[in-house]
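Going by full-length UniProt numbering, the sequence shown opens with residue 1, and the numbers climb by one from there. Backbone N, C-alpha and C fix where the C-beta goes; we use that ideal spot for every residue, glycine too. Just so it is clear, the structure is predicted and the values come from calculations on it, not from any experiment. Encoded as structure tokens, the structure appears first; notes follow it.
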Amino acid sequence: MGHKVLIVDDAAFMRMMIKDILTKNGFEVVGEAADGNEAVTQYKELSPDLVTMDITMPEKDGISALKDIKLFDPNAKIIMCSAMGQQAMVIDAIQAGAKDFIVKPFQAERVIDAINKTLS
1 MGHKVLIVDD
11 AAFMRMMIKD
21 ILTKNGFEVV
31 GEAADGNEAV
41 TQYKELSPDL
51 VTMDITMPEK
61 DGISALKDIK
71 LFDPNAKIIM
81 CSAMGQQAMV
91 IDAIQAGAKD
101 FIVKPFQAER
111 VIDAINKTLS
């Protein structure tokens, strides 16, 4: 059985893209969330091995959700997803405990590399 992943992105299309990459590479997508509040709730319910977290979302952004999840589980493995030009936010995310980040549009190879590196 592959590692369990929670995908968090407000864009259904992006969730679909990353889910496709993950399932083709043997990962099990156990949940999807469209905002930070859902992400925190689902993390607590599903206990995934890894979370891919979009930075810019309505309700609660990815960095706030990252901090909340880290408070709940200091060992949480979270990879941030950002569009180009969000370097300052990426630095904030890494300082808040993100393990890595991947840039949109997703490149399958980079996504899998980041996930494997984070899980090993």
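Delimiting residues of the beta strand (DSSP E) encompassing residue i
| i | result |
| --- | --- |
| S82 | 78-82 |
Residue i, enclosing alpha helix (DSSP H) - first and last residue
| i | result |
| --- | --- |
| A88 | 87-95 |
| F72 | 62-72 |
| I18 | 12-24 |
| E45 | 36-46 |
Supposed contact pair residue j and residue i - C-beta distance, whole angstroms, cut 8 Å
| i | j | result |
| --- | --- | --- |
| D61 | K4 | Actually they are not in contact, since the Cβ atoms of D61 and K4 sit about 24 Å apart, beyond 8 Å. |
Contact under 8 Å by Cβ, residue i with residue j
| i | j | result |
| --- | --- | --- |
| T52 | I7 | yes |
| T23 | K77 | no |
| V90 | F101 | yes |
| D10 | M57 | yes |
Distance, residue j Cα to residue i Cα
| i | j | result |
| --- | --- | --- |
| A98 | G36 | 14 Å |
| A108 | S120 | 18 Å |
| A83 | D68 | 22 Å |
| S64 | F72 | 13 Å |
Minimum C-alpha distance to residue i - residue among the options
| i | options | result |
| --- | --- | --- |
| L46 | V30, A96, V103, T56 | V30 |
| A12 | D54, E28, K44 | D54 |
Beta carbon proximity, residue i to chain D, threshold 8 Å
| i | result |
| --- | --- |
| Q42 | Going by chain labels, chain D is absent from the structure shown, which holds only one protein chain. |
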